[in-house]
Every structure is written in structure tokens, then in C-alpha cells.
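Residue numbers (our numbering), protein chains in the order written: chain A, 1 to 205; chain B, 206 to 410. Here a beta-carbon is modelled for each residue, glycine too, at the ideal position from N, C-alpha and C. What follows is one structure encoded as C-alpha cells, with my remarks underneath.
There are 2 protein chains.
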Amino acid sequence: MKRTIITISREYGSGGRLVGERVAEQLGIPFYNHNLIDMVAQETGMAADYISNWEEQVASPRLWGVPAMTGFGGSLFDGYYYSNEDRMFAAQSKIILNIAEEGSAVIVGRCADYLLRDNPDTIRVFVFAEEKQRIERIWKTYGAPSREEAVKYLRAVDKGRAAYVRKYADRDWGDMRNYHLILDSGRFGVDGAAAIIVLAAESRS
Amino acid sequence: MKRTIITISREYGSGGRLVGERVAEQLGIPFYNHNLIDMVAQETGMAADYISNWEEQVASPRLWGVPAMTGFGGSLFDGYYYSNEDRMFAAQSKIILNIAEEGSAVIVGRCADYLLRDNPDTIRVFVFAEEKQRIERIWKTYGAPSREEAVKYLRAVDKGRAAYVRKYADRDWGDMRNYHLILDSGRFGVDGAAAIIVLAAESRS
Chain A
1 MKRTIITISR EYGSGGRLVG ERVAEQLGIP FYNHNLIDMV AQETGMAADY ISNWEEQVAS
61 PRLWGVPAMT GFGGSLFDGY YYSNEDRMFA AQSKIILNIA EEGSAVIVGR CADYLLRDNP
121 DTIRVFVFAE EKQRIERIWK TYGAPSREEA VKYLRAVDKG RAAYVRKYAD RDWGDMRNYH
181 LILDSGRFGV DGAAAIIVLA AESRS
Chain B
206 MKRTIITISR EYGSGGRLVG ERVAEQLGIP FYNHNLIDMV AQETGMAADY ISNWEEQVAS
266 PRLWGVPAMT GFGGSLFDGY YYSNEDRMFA AQSKIILNIA EEGSAVIVGR CADYLLRDNP
326 DTIRVFVFAE EKQRIERIWK TYGAPSREEA VKYLRAVDKG RAAYVRKYAD RDWGDMRNYH
386 LILDSGRFGV DGAAAIIVLA AESRS
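Have a look at this one:
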């Protein structure tokens, strides 16, 4: 298989992360999820290092989706304050772009699909599932204290993801046009979904 | 493979019909597209036959998505007139339900995904592609007289399909939640897309 980056965007509780892990195992390629990327950014102190390299890009309207500093001597917003989240995102983004340069990989979340939108070796996948099944997984598998709490988590996490994507990618997270392959993990199971994605990675034009 | 009905909904110019044909070939199962179903309905005179059997169901609010005859002695709409399109749809629907009883099949369009929504042996697929590629196919392959005409056809046919689905299934044609698998035929090619769908049909839980 030629170099392929598979980005997995997923609804909370759909098992998207598990699917991503299986895909990476079957293809024998590295697997990166948001936890891993967060850790690397924090523990290596990369966040601080990259800020100095990233000032201009961080200020880019395209990256943030909002008008910000122009980058031409003197900013529109003197004393503009970047949140820790913004700094983390900038560091992660650099890490993700580096990962894509190194070879094949599976990357879960973190707007990787958006960051790699112009990378021709990318397959953008979205994993979803019926709400009933997601609640079940969040409750029984992820360990939410009760079904009611599972429902709350589901709404909160998905809402957070949509907002994150809107903020950093200025996109509609659930818009199918942002992806190449969208699948219902409940219909195919985690293993079935992984097998389909593996074939898709090998089938690209 | 156990009995599987694969319904293919598709954007005009995405090559969905071709993809469906390849899937049927590879699985060795019958392939039905809307032309075939239309022909059967018209040529066998089934439309007329089925109307008499279908009066009550045709009047069912659930089938049409609009309040209609109650079916209890005397209708709300005396002299209610069914269009030829409605009669044809009723006849096609019966044909599609019969097809699903007979064994595996690939069915393109005709709200088959909606008609078979409670059929557990169904895989609902949506095929789309970037507009640029669709215009190219409609112009170069389907034979539109010019690129400008191809664009017009694309808009008109997709608009018509969305309206048809809204009328008969009371659904949003492009809503990913109505499907199990959604894929970009441009990314994978017609053969690649067909291979993915074949695997999906064999992978269902």
C-alpha cells in the first residue's frame, strides 16, 4: 500500500477510536489519537518552542477562522491573548503535519482531516452510530455511572467536538462532504468497520 | 453471504449506477435500477392492477407523508386525485418489496432505502462525488451537450431527487443518518467504491 494517512473523525460512543486502532494494527502502521498527541505536545515542552515559530500562522485567519493579527507591523489586536488551548492546538497541528511527512499513519480527531485537507495521500473517515448504541457504549463500556449520565456525556462531548471543529477548522463537523468515507459502526461492528476502512485505504484512486 | 439487499442512493453524476452494477456483478446477485422498475411497472400493466389492491395503503398517511383518506367509509378528500406519478410509485414500491422477499439484490434509487428501512438484511449506501467530477461525468460520459448544460442537469436532477425523497419518504435525501455507508466515488473510483460496498455487505453485524 502506498503511503496513506487515515484520519478518523467520530461521534462519541461510536467506537471510532477502537476502529482506528484495528485499522492501524491490520495495516501495520502507527496509530495516533488525541491523547498521544496532547501528551507529546505537553511533555516535550513543544508547546512553548512552537509558539515562537508559530506566531504568524497562529495569527492566520485561515487557521483560526476568525480575523486576527494581520502580521504586518503592528497587529489589529495589540496584546491579543492566546488561550492555552490555542497554544496546544498549534503545537499539535505541527506534530500532525510532521506525522504526515513521515509515512502512513492513522490519526484520530484533532482536526487532522482539516489540517491534511490538501494532502493527496489522505483518506478522511467519519464514524458514527445510532444514538441508542452510543449511549450503551458510553454507559457499559466507557463506564459512565448511569444511563442518564451517559446521555449527558454524549451530548456534551459531541457538542464540544463540533465547537472545536468550528473554531479551528471553521467547518461543520457532521457535513459528509468533508469526508471520503462515512460509516455506521453499529451496522458493521468495530471489526467490520475496520476491515472496510483498510480496503478503502488500499482502494484509493 | 447471507441474504443482503443493497440500496444505492446517489448524487447525479457520481457514477452510483455503475457502482451498483459492479457490486451486483461481483456478488452474483440481481441488479435493479429505476429504469428497470419503471419498465416493469408500465409494461406489465401492474400499475393499474395494483391500484385496486393499493387504495387503502396508497391512502395511508405513512406512505405519502401527508394526511389523506382515512380509509373509514367516506374519505376526507372526496374525489381525491392521484397523479400518475403517485400510481407509478405505488406500483414500484410493491415491486421493490417483492424483490426484497426473493433474495439478495442491488437496488438503485426509487426510495428503496426508505421502503426497506425495517428490513434487517439491508445495507443502505449513499454515493456522492465532488461537483467538478460530477459535471465532468455528466458532460463527457452521459453526453450533455456542453459543460454549461451539464451543470444545469446536475442541479435539476439532484433537486428533483431530493424533492422525490421528501415527497415519498418525508426525509432529507442527503442526511447521512439515513444510510449505513456513504462514500465519495471520486476518491475510490467506481471499481474501488464497488469493492468497498461488497466488503461492507459481507461485513454486517
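Where in the stretch 155-201 of chain A do unbroken runs of the beta strand (DSSP E), each at least 3 residues long, occur, reported from the N-terminal end onward? 181-184
Query raised in the report: Between the stretch 371-383 of chain B and the stretch 149-167 of chain A, do at least 3 Cβ pairs fall closer than 8 angstroms?
Result: no
| query | CA-CA distance, Ala405 (chain B) and Ile135 (chain A)? | reply | 24 angstroms
Review point. The ligand COA heavy atoms versus the CB of Gly16 (chain A): any closer than 6 angstroms?
Key: This structure lacks the ligand COA, and indeed carries no ligand of any kind.
- Query: Per DSSP, Ile5 (chain A) forms a beta bridge with which residues?
  - Reply: A:Ala105, A:Thr122
### Message
For a test of the three-state rule: what should DSSP assign to Arg315 (chain B), helix, strand or coil?
### Response
coil
For Glu11 (chain A), is the classification buried or exposed, using 16 other Cβ atoms within 10 angstroms of its Cβ as the cut-off for buried?
buried
query = Any C-beta of chain B sitting closer than 7 angstroms to the C-beta of Ala201 (chain A)?
reply = no
Legend entry - His34 (chain A): contacting residues in chain B (beta-carbon distance under 9 angstroms): In chain order: nothing, as chain B lies at least about 23 angstroms away.
Hey, Gly397 (chain B) and Ser104 (chain A) are a contact pair by Cβ (cut 8 angstroms); roughly how many whole angstroms apart?
About 18 angstroms; that fails the 8 angstroms criterion.
Exercise for review: Could you confirm whether any beta carbon from chain B is found closer than 7 angstroms to the beta carbon of Ala100 (chain A)?
Suggested key: no
key: Own chain, CB closer than 6 angstroms to Gly13 (chain A), minus 5 neighbours either side, in chain order   = Arg134, Arg137, Ile138, Leu154
- Task: Report buried or exposed for Asp377 (chain B), applying the criterion of at least 16 other Cβ atoms within 10 angstroms of its Cβ.
- Result: exposed
_Just checking: is the beta-carbon of Ile107 (chain A) within a distance shorter than 7 angstroms of some beta-carbon in chain B?_
no
Proximal residues, the stretch 185-196 of chain A versus chain B, C-beta separation under 9 angstroms: Gly186, Arg187, Phe188, Gly189, Asp191, Gly192, Ala193, Ala195, Ile196
C-beta contact flag for Ile96 (chain A) and Leu115 (chain A) at 7 angstroms: yes
Is Tyr153 (chain A) helix, strand or coil by DSSP?
helix
Check your understanding: To which residues of the same chain is Ile5 (chain A) closer than 7 angstroms at the C-beta, ignoring the five residues directly before and after it?
Key -> Ala100, Ser104, Ala105, Ile107, Leu116, Asn119, Asp121, Thr122
- request: Alpha carbon to alpha carbon, how far is Phe126 (chain A) from Asn206 (chain A)? Give it in angstroms, no decimals.
  value: Only positions 1 to 205 of chain A appear in this structure, which leaves residue 206 (chain A) out of reach.
Using a Cβ-Cβ cut-off of 7 angstroms (strictly less than) and excluding sequence neighbours within five positions of Leu183 (chain A), which residues of its own chain qualify?
Val127, Ala193, Ile196
field: Arg204 (chain A) in three-state terms, based on DSSP
entry: coil
Subject >> Contacting residues, own chain, Cβ-Cβ under 6 angstroms from Asn238 (chain B) (five flanking each side not counted) >> reply: Arg222, Val313
> What three-state label does DSSP hand Arg215 (chain B) in the structure shown?
Replying inline: strand
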